[in-house]
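So the structure is just underneath, and the comments pick up after that.
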Amino acid sequence: MSPFKVIIVGGGLGGSLLANGLMNNGVDFTLYERDAAGAKREGYQIRLGDAAMEGFESCLRRDRILAIQNKLGQSTNQSSTAPLVCDSRFRVVLDLARLPTYSKSAAINRVVLRDLLLGPVEEAGRVRFGAAFSRYEIVLQADGRERVSVHFADGSTDTCDVLVAADGSGSKINRQVGARNIVDIDSHWGFVRKGSLPPDRVSMLPPRLLQGPMLVLSEGVSLYYARKKLDYDADEASFFWGLNVSKKMYPGHEVTEGGDHLRFCLEAIKHWAPEYHAMLSIGECDDDCPVMQVKIRASRPLSRNWRRKPRSRASDEGHPRVWLMGDAIHAMQTNRGMGGNQALRDCADLLPQLLRLSEAAGTSGKSPSSADVERALAAYESKMIDRAFAWVQKSGGTSVPNINLDGHLGTAVSLVGLVLLPIWRLLHFVRGRVWRRA
1 MSPFKVIIVG GGLGGSLLAN GLMNNGVDFT LYERDAAGAK REGYQIRLGD
51 AAMEGFESCL RRDRILAIQN KLGQSTNQSS TAPLVCDSRF RVVLDLARLP
101 TYSKSAAINR VVLRDLLLGP VEEAGRVRFG AAFSRYEIVL QADGRERVSV
151 HFADGSTDTC DVLVAADGSG SKINRQVGAR NIVDIDSHWG FVRKGSLPPD
201 RVSMLPPRLL QGPMLVLSEG VSLYYARKKL DYDADEASFF WGLNVSKKMY
251 PGHEVTEGGD HLRFCLEAIK HWAPEYHAML SIGECDDDCP VMQVKIRASR
301 PLSRNWRRKP RSRASDEGHP RVWLMGDAIH AMQTNRGMGG NQALRDCADL
351 LPQLLRLSEA AGTSGKSPSS ADVERALAAY ESKMIDRAFA WVQKSGGTSV
401 PNINLDGHLG TAVSLVGLVL LPIWRLLHFV RGRVWRRA
């Protein structure tokens, strides 16, 4: 076996997918997950698009990809949907599905997807549960080569050639390596809810939701609402919504843990159409789907040479043997649904570089030098940084956009959709035919 080892910290979607890629290519690795084995997780939806599929194609065997597609209910292209953008009076302002260039996606429960990705890795005995990351240090081996010694909260340690941080937006590794670009957005409160959707609840939802998810933008408040209905599997059908509320609307108010979050959310939309009140109230008597308050986090952009400055301060800061992926480097707001997709897409850029290092180590019989690792890291980050941080900005950057579609802006957007979209679609269609003939 190649004298090359990878440690992945974090068994979420991105970390689990990367682990599959390493395992399927015979690379030595261990995945460390802070949660205990079998720990109950809340399963909010993720909408998988082309970016996620690129990650799957790079890391998974065909049977595992088919298993994921089966959980989507049908193939991604057939089940693709884009949000309806609405105002607070329940009027459609813009149907994003009519935009020919809008990213298409299909919904799946996050826990279901995570189990599909982590399952094979766990069965292979490559996961250590209940291992919370504490710190890392760069150590010099007897052969003069550097390696990474990783320390965990239970006192255990492990050593690797490359440490991959997939530990989410609260990443300790992000802070230690000197990126420190993930910030809390404290201008808004964030609330989410996910629950089952048996037939009796479906009948309580507005028929418009059958077209696809909805995005509502009003002054100080934004709502995203989606349902997953698999014709008809009551075990898989679910609803999900997320509501952001500006703190300026309620000066002096404190949202406390254990408070009546649903009542507060309904208060925040008290002037909205009654359909929204019905949508948020679905499952209000169900203790298994409480309204949860969540921290809204996002990341400041990093340049391609961001590691140079930290390395001048401390030997472990900016070190090329410590790699970041997913929310651990490019956390983004949820309104575009691209955070998880970009974490999965990272694997398509990251895995080939690790495979090259492993192959070279196998040929030489020596672990890769830090210079070799730095070149591989630069190849990964040069692609990831441009791609992922573009989506961070598209998702709002580090401030929640305050867009109000209830007034003149909503009218203008609606008119653009009615007048210009048909022309745009025609031009897009004609251009596509010309390219195909060429």
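In the UniProt record's numbering, the protein residues as written are 1 to 438.
C-beta atoms are modelled at their ideal positions from N, C-alpha and C, and glycine is treated no differently.
Look up F56 in the DSSP assignment and say whether it is helix, strand or coil.
helix
Given residue 442, which residues of its chain have a CB within under 6 angstroms of its CB, disregarding the five upstream and five downstream residues?
Limits of the chain in this structure are 1 at one end and 438 at the other, which puts residue 442 out of reach.
Taking G119 as part of the alpha helix (DSSP H), name the residues at either end of that continuous run.
110-123
Let me know the secondary structure DSSP gives L84 once reduced to three states.
strand
Just checking, does the region 153-160 make contact with the region 351-365 on the three C-beta pairs under 8 angstroms criterion?
no
Host beta strand (DSSP E) of N244 (start-end)
238-246
Tell me, please, whether the CB atom of L163 is closer than 7 angstroms to any CB atom in chain B?
Protein chain content of the structure displayed is limited to a single chain, and chain B is not contained in it.
Measuring CB to CB, does V392 end up less than 7 angstroms from S299?
yes
Residues near K248 in its chain [Cβ-Cβ closer than 7 angstroms; skip 5 each side]
G220
Which residues bound the alpha helix (DSSP H) around residue 451?
Past the boundaries of the shown model lies residue 451; the chain is included only from 1 to 438, so the question cannot be answered.
Can you tell me which of N402, G14, V27 puts its alpha carbon nearest to the alpha carbon of G362?
V27
Nearest by alpha-carbon distance to R203: which of E275, K295, R34, D87 is it?
Position check: residue 203 holds Ser in this sequence, whereas Arg was assumed. Checked all of E275, K295, R34, D87; the closest Cα to S203 is E275.
Since I173 and V373 are thought to touch, with beta carbons under 8 angstroms apart, how far apart are those beta carbons, to the nearest angstrom?
Incorrect: roughly 16 angstroms between the Cβ atoms, too far for contact.
Quick one: what's got a C-beta closer than 6 angstroms to P3's C-beta in the same chain, skipping five residues either side?
A361, S367
Sequence-distant residues of the same chain with beta carbon closer than 8 angstroms to C289, five excluded per side
R193, K194, G195, S196, G283
Based on the DSSP secondary-structure assignment, which residues constitute the bridge partners of A298?
V183
Can you tell me whether R436 is buried or exposed, with buried defined as 16 or more other CB within 10 angstroms of its CB?
Here R436 scores only 46 on pLDDT, less than 50, and its place in the model should not be relied on; the value that follows carries that caveat. Its Cβ having fewer than 16 others within 10 Å, R436 is exposed.
How many Å lie between P310 and P213 at the Cα?
42 angstroms
Is it right to say T398 is buried, meaning 16 or more other beta carbons lie within 10 angstroms of its own, or is it exposed?
buried
Over the uninterrupted alpha helix (DSSP H) stretch that includes M279, give me the two end residues.
274-281
When the Cβ atoms of the region 341-351 are set against those of the region 316-330, are three or more pairs found closer than 8 angstroms?
yes
Chain-order list of residues whose beta-carbon lies under 8 angstroms from that of L266 (same chain, five-residue window excluded)
H277, L280, S281
Could you please give the first and the last residue of the uninterrupted beta strand (DSSP E) stretch that includes I138?
133-140
Test item: CB-CB of A331 and I182 under 7 angstroms:
yes
Our contact map puts L48 next to S105 with C-beta atoms below 8 angstroms; I'd like the distance itself, whole angstroms only.
6 angstroms
Would you check if the region 30-40 and the region 125-144 touch, i.e. whether three or more CB-CB distances between them fall below 8 angstroms?
yes
From the DSSP output, which residues share a beta bridge with Y250?
Bridge partners of Y250: none, in fact.
Report, in whole angstroms, the separation of the C-beta atoms of A273 and S88, which I expect to be a contact under 8 angstroms.
7 angstroms
Limits of the beta strand (DSSP E) - the one that G130 falls within
Premise fails: G130 is in no beta strand (DSSP E) and is neither H nor E.
Going by beta-carbon coordinates alone, are L22 and C347 separated by less than 7 angstroms?
no
Give a yes or no on whether the C-beta atoms belonging to K71 and V6 are separated by under 7 angstroms.
no
Alpha carbon to alpha carbon, what distance is there between L117 and N20?
7 angstroms
Cβ separation of V139 and H188, assumed to be a contact under 8 angstroms, to the nearest whole Å:
So it is not a contact: roughly 43 angstroms between Cβ atoms.
For V93 and W323, I'd like the C-alpha separation in whole angstroms.
42 angstroms
Can you list, in chain order, the stretches of the alpha helix (DSSP H) that have 4 or more residues and sit fully within the region 147-203?
172-176, 199-202
Range of the contiguous beta strand (DSSP E) that encloses R47:
45-48
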